[in-house]
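Encoded as C-alpha cells, the structure appears first; notes follow it.
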Amino acid sequence: MMTARKRNIVITLGSFSFITAIAGTSVTLALPRIGTTFHVGSAVATLALQVGLITAIIFLVLFGHSGDIFSKSLVFKYGGWIFTAGTLFTGLAPSFALLLGGRVIQAIGIAMIMANTMGIINEFFDDQERAAVLAYNSMFISVGAIMGPALGGIITSVLSWRWTFLIFVPFSLVTMWLGDHNLPTLKLNRQIVIKEIKASNWLGQALFTVGIITIFMSQFMSLPGLSQIENYFFWLVLGGIITLSSFVQDSRAKSPWIAPIILKNRTFMASVFVLFIMMFVNSISNILLPFYFQDFLGFSAGKSGLLVATQSLVVMSMSPFIGRFANNKQRRLRLTAIGLTILTLAQIGYILYDGTPNVLLLGLPIVANGIGMGLAMTPNNALTMSFVGNQLAGVGGSMNSLFRNLGIALGTSFATSMLYTQLPGVKVISSSLGRLYLSASANVFIIGMIMAAFGIILNFVRPKD
C-alpha cells in the first residue's frame, strides 16, 4: 500500500504534468488566432508550437544529467518557477517575436520538469509500483491534454488567445507550493556546481543544439538553385548528421551528458524509438486537425477543441486500468503491440476524411487514435524505465522525454512541411482549396500510417531482455 509521502509525490508530479500538458495543448487551438493577431501565415504561426518543442528537446538531456549529479527534485522545482515566468511573459507578448521568446523561457522550465519526472518516479517507487504511478502521471497529462484544446478553444472564442497562457499562472504558483512541501530540497555546494559546469561536455551540447535547430528550421531555410522540397531535405539531412555527430562526440567525451551504458543498452534504445514513432504519428493529427476543422470546415474554435480533446479523454479513461494490468514485461509488450495496431488503423480513418462535416465520422478516427495511444504509452514507458537503475534514472528519464518530444516536434515539422510543399503559394487553409487540400492532407497521414506500421514491427523484433 502506498504511503502518505508517496501519495503526495504522485500528486506533486501529476500536478506539474497536468499544468504543463494543458498549457502545451491549448497553444495548438490558439494558433489560427495568434496568426491573425500578428499577421503571420499558418505555417509561420506553428512556430509558436515548434519553438517550445525545439527548446525543450535541446535542454532535456542536460537537465536530466544535472538531476543525476545534483538533485532531481531541485532541478524539477526550479523548472516550475521558470515555466511560470515564461507563461506570464508569453501571455503578455506585444509581438510575435517576443511571444516566441516567452515560449523559449517556458520550454526551458518544461525541460527541467520533464527531464526529472520519470527519474523521481524511479527513485521513489519500485518496479511493481512503477507502472501504476506512470499510469497515474499519464492520466494527469491526459486530463491536461483534454482540458487544453477544449479550454483553449473556449477561451479563444470568448476572450482572447492571450488568456490561454495567462490563466495558468495562478495554477502554476499553487503547483509550486505543492512542490516545495512534498519534494525534498538539497542545498548545493557552490564549488561542486562550478566544477561540474566546467567539466561538462559543452562542445557536444553545442553540436546537438545546432543539429536540432537545423532540422526543425529546415522548412524555413533555402539555398539558391534548389527547389522547395530539395532545400527541405538538404537541411533536414545536414541537421541529422550534425545531431548524430553530437552523440558520437559525447560518447567519447571525458564527462558525457549521456552515460555510454545507456546508448549501448539495445532494449532501452528500442523502447525509446517505439515511443518516438508513437509521438511522431500522434502529432500529425494534433497539428493538422485544428486547421482542418476551423479553417477548412469552418468549425468554431470551441467545437474544434472538443473534438480534438476526445482523444485525450479516451487516454485518460484507460490509463488507470492499463497501469494496473501492465504489471509484467510480457503484458507490457502485448499491450504496446495492440496499441500500435489500433494507432495504424486510426491513420487510415484520417486518410478517408473527405470534407464532410459529420461530427460522428470525424470523431471515429480520433477515438481510435486515443485507444491506440492509451494502450501503448504506459506499458512502453514502464518497459523503458525498468532497464535503468536509480543512479541513471535522471538521464534515462530525460532520454525517454527527449525521444517523446523529438517525435512530437519532428512529426509537427514534417506534417506542416509536407502539407505546404504540396500547396505552393498557399499561406492560409480555406475550404476553397477543395480536393487539393484533402489530397495533400491524406498524403501526410499515409506517411503516418507507414510509420505506425513500422512501430509494430520494431516492437515485435526488439530485444526482450
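Numbering (this note's numbering), first residue to last: 9 to 473.
We treat Cβ as the ideally placed atom computed from N, Cα and C, and that holds for glycine.
In this text the structure is predicted, and so the values were computed from the model without any measurement.
query	result
Extent of the continuous alpha helix (DSSP H) run through R443	R443 to V469
Helix, strand or coil at T318 [DSSP, three-state]	helix
Whether F176 touches A56 by CB criterion (8 Å)	no
Local conformation of G433 per DSSP, three classes	coil
Local conformation of P192 per DSSP, three classes	coil
Residues near I269 in its chain [Cβ-Cβ closer than 6 Å; skip 5 each side]	none
The stretch 113-122 / the stretch 58-71 touching (three or more Cβ pairs under 8 Å)	yes
Contact under 8 Å by Cβ, T20 with L191	yes
Expected contact under 8 Å - CB spacing of T183 and S23 to nearest Å	5 Å
CA-to-CA distance, V48 to S168, given in whole angstroms	17 Å
Residue of G433, V35 and S230 minimising C-alpha distance to P298	V35
Residue burial classification, R235 (beta-carbon count within 10 angstroms, cutoff 16)	As written in the sequence, residue 235 is Ser, which differs from the Arg given in the question. Its Cβ having fewer than 16 others within 10 Å, S235 is exposed.
L174 and G99 closer than 8 Å at C-beta	yes
Short Cβ contact (8 Å threshold) for N6 with A345	No answer is possible for residue 6: it lies beyond the span of the chain, which begins at 9 and ends at 473.
Close Cβ partners of F132 (< 7 Å) along its chain, the five nearest in sequence each way excluded	K14 and I17
8 Å Cβ cutoff met for V218 and I249	no
Assigned secondary structure, G233 (DSSP; H/G/I helix, E/B strand, else coil)	coil
Counted within 10 angstroms of its Cβ, other Cβ atoms place P373 as buried (16 or more) or exposed	buried
Among K80, T386 and G415, nearest to G456 - alpha-carbon criterion	G415
Candidates G382, D258 and F84: closest to L271 by CA position	D258
Close-in-space but distant-in-sequence residues of the same chain around Q302 (CB under 7 Å, 5 per side omitted)	P40, A309 and S312
Helix, strand or coil at A143 according to DSSP, with G and I counted as helix	helix
CB of F104 within 8 Å of CB of F26, strictly	no
Identity of the residue in I220, E204 and V289 nearest W265 by Cα	E204
Given T164 as reference, the closest of L305, T44 and V323 once Cα atoms are compared	T44
Limits of the unbroken alpha helix (DSSP H) element including G60	L55 to I77
Distance, I465 Cα to V166 Cα	46 Å
Span separating the alpha-carbon of I292 from that of G419	6 Å
Exposure of L319, with buried meaning 16 or more beta-carbon neighbours within 10 Å	It should be pointed out that residue 319 corresponds to Gln in this sequence rather than to Leu. Buried, since its Cβ has 16 or more Cβ neighbours within 10 Å.
Neighbourhood of V323 by C-beta distance below 6 Å, restricted to the same chain and skipping five residues each side	S150, G378, M381 and G382
Reduced DSSP category for A261 - H, G, I as helix; E, B as strand; rest coil	coil
Residue nearest to N451 in terms of C-alpha spacing, selected from A460, R470, M426 and G442	M426
With 16 other Cβ atoms within 10 Å as the buried cut-off, status of L444	exposed
Simplified DSSP assignment, three categories, for T36	helix
Option in G127, S81, S79 and A53 with minimal Cα separation from T392	G127
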